[in-house]
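276 is the number that the working numbering gives to position 274 of the sequence shown; each next residue is one higher, with no gaps.
Note that CB positions come from ideal geometry on N, CA and C, so glycine has one too.
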Amino acid sequence: MRPECGHIVLLDLHLVALEVRELIQADLVLHAVLQGSQESSPAFSRRKYLVCLSEGFIIIMADYTIPLVGTKKSPSLLLSRGFQHGPLPGEALKGWGRVAPLTLTAGQPKGIKQDKMTHHCTKFSGHWKIIVFDEECFQGRRHEFTSECCNVMEFGFETVRSLRVESGAWVGYEHASYQGQQFVLERGEYPQPDAFGGSNAYHIERLTSFRPIACANHRECRMTIYERENFLGRKGELSDDYPSLQAMGWCNNEVGSLRIHSGAFVCYQYPGYRGYQYIMECDRHCGEYKHFREFGSHCQTPQIQSIRRIQQ
Numbered sequence: 003m004r005p006e007c008g009h010i011v012l013l014d015l016h017l018v019a020l021e022v023r024e025l026i027q028a029d030l031v032l033h034a035v036l037q038g039s040q041e042s043s044p045a046f047s048r049r050k051y052l053v054c055l056s057e058g059f060i061i062i063m064a065d066y067t068i069p070l071v072g073t074k075k076s077p078s079l080l081l082s083r084g085f086q087h088g089p090l091p092g093e094a095l096k097g098w099g100r101v102a103p104l105t106l107t108a109g110q111p112k113g114i115k116q117d118k119m120t121h122h123c124t125k126f127s128g129h130w131k132i133i134v135f136d137e138e139c140f141q142g143r144r145h146e147f148t149s150e151c152c153n154v155m156e157f158g159f160e161t162v163r164s165l166r167v168e169s170g171a172w173v174g175y176e177h178a179s180y181q182g183q184q185f186v187l188e189r190g191e192y193p194q195p196d197a198f199g200g201s202n203a204y205h206i207e208r209l210t211s212f213r214p215i216a217c218a219n220h221r222e223c224r225m226t227i228y229e230r231e232n233f234l235g236r237k238g239e240l241s242d243d244y245p246s247l248q249a250m251g252w253c254n255n256e257v258g259s260l261r262i263h264s265g266a267f268v269c270y271q272y273p274g275y276r277g278y279q280y281i282m283e284c285d286r287h288c289g290e291y292k293h294f295r296e297f298g299s300h301c302q303t304p305q306i307q308s309i310r311r312i313q314q
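Okay, structure coming up:
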């Protein structure tokens, strides 16, 4: 679950004048940059947060084992990966702090004082859902995921032989821990492994890990490609789909480095969206890929000849 907009209510921590300035997700780790002042500064361990969304609520555990960044007037809080759905509509909660206004279809939590405040949140793209099978043509053992999977073997799968993407965009990896050849998985059916890579020129034998592409936004994608590494040399601004960079005026068949300003793209080794795929996202590496080795663990060359936006 990702909020398109929302606010954070503190459940177990006394902060005053709290305002959400940003809500960013990278590697499925929510990082909230808050503006406010601390009432006290004890050695925090873990606390619960309630994130209010248009669809309802989720509860997030905050990890304070990492020191606060910034001043007391602008602390940064790292929120952990683990979160759960809740509470049910109308369930009473106790809370402190100030919250931003939001229309909630699931009902407003009781016992929380609300004040009008401005907030600025990165737009999130909503829910993800993928169903994987250990046999081709959607047969055999199946498992449904709504978040990342580091290793399908932990769920009794040797590999994934077919899958359905029901919502969101995902990136699949050949090996566990998001290593090896990568390929974008957009909404639709993939009845056998050969379908995972689309028009990929390389045979894909296994899918062992996968994760949502959190920042995919087909309408708002913008990137800058550079001729050489470290953002040097000739550059080009891209905001569309490009089946051939050379046909669009790019000088050669290589891209030395690139910046993703918004959204997510998939870059291909060859024209016509063929060859190895490299998924580029604005919320990974801070959107900056300084060297072709950062394109992916399987990348051996800066050769990129076609680029397209990722569909959410």
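Who are the Cβ neighbours of residue i in its own chain at under 8 Å, not counting the five residues just before and after it?
i	result
E296	H287
A249	P273
C284	C217, I262, H263, S264, G265, A266
Contact defined as beta carbons within less than 8 Å: I believe residue i pairs with residue j. What is the distance between those atoms, to the nearest angstrom?
i	j	result
S246	S308	6 Å
F185	I206	7 Å
G136	V162	Reading the sequence as shown, one finds Asp at residue 136 and not Gly. 7 Å between Cβ atoms; contact.
N219	S264	7 Å
I133	R144	6 Å
Taking the C-alpha atoms as reference points, what is the distance between residue i and residue j?
i	j	result
S43	N254	Note that S43 has pLDDT 31, beneath the 50 cutoff, so the model's placement of it is unreliable and no number is given.
P304	V173	20 Å
L165	A266	22 Å
L209	E146	15 Å
Y180	N153	8 Å
F294	M282	11 Å
G200	G190	12 Å
R236	Y228	6 Å
G158	S259	39 Å
C151	S211	5 Å
Can you tell me which of the three DSSP states residue i falls into?
i	result
A266	strand
H287	helix
F212	strand
M250	coil
E160	coil
E231	helix
Under 6 Å Cβ to Cβ from residue i, same chain only, skipping five residues before and after it: list those, please.
i	result
Q183	E176, H300
E188	A171, Q313
E239	T226
Where does the unbroken beta strand (DSSP E) through residue i begin, and where does it stop?
i	result
L187	181 to 187
I133	131 to 137
H309	It should be noted that the sequence gives Ile, not His, for residue 309. Unbroken beta strand (DSSP E) run through I309: 308 to 311.
F294	Taken as a continuous stretch (DSSP letters only), F294 belongs to no beta strand (DSSP E), as it is neither H nor E.
R143	141 to 147
W172	172 to 177
G190	190 to 192
Counting only beta-carbon separations shorter than 8 Å, does residue i have a partner in chain D?
i	result
E146	No chain D is present in this structure, which holds just one protein chain.
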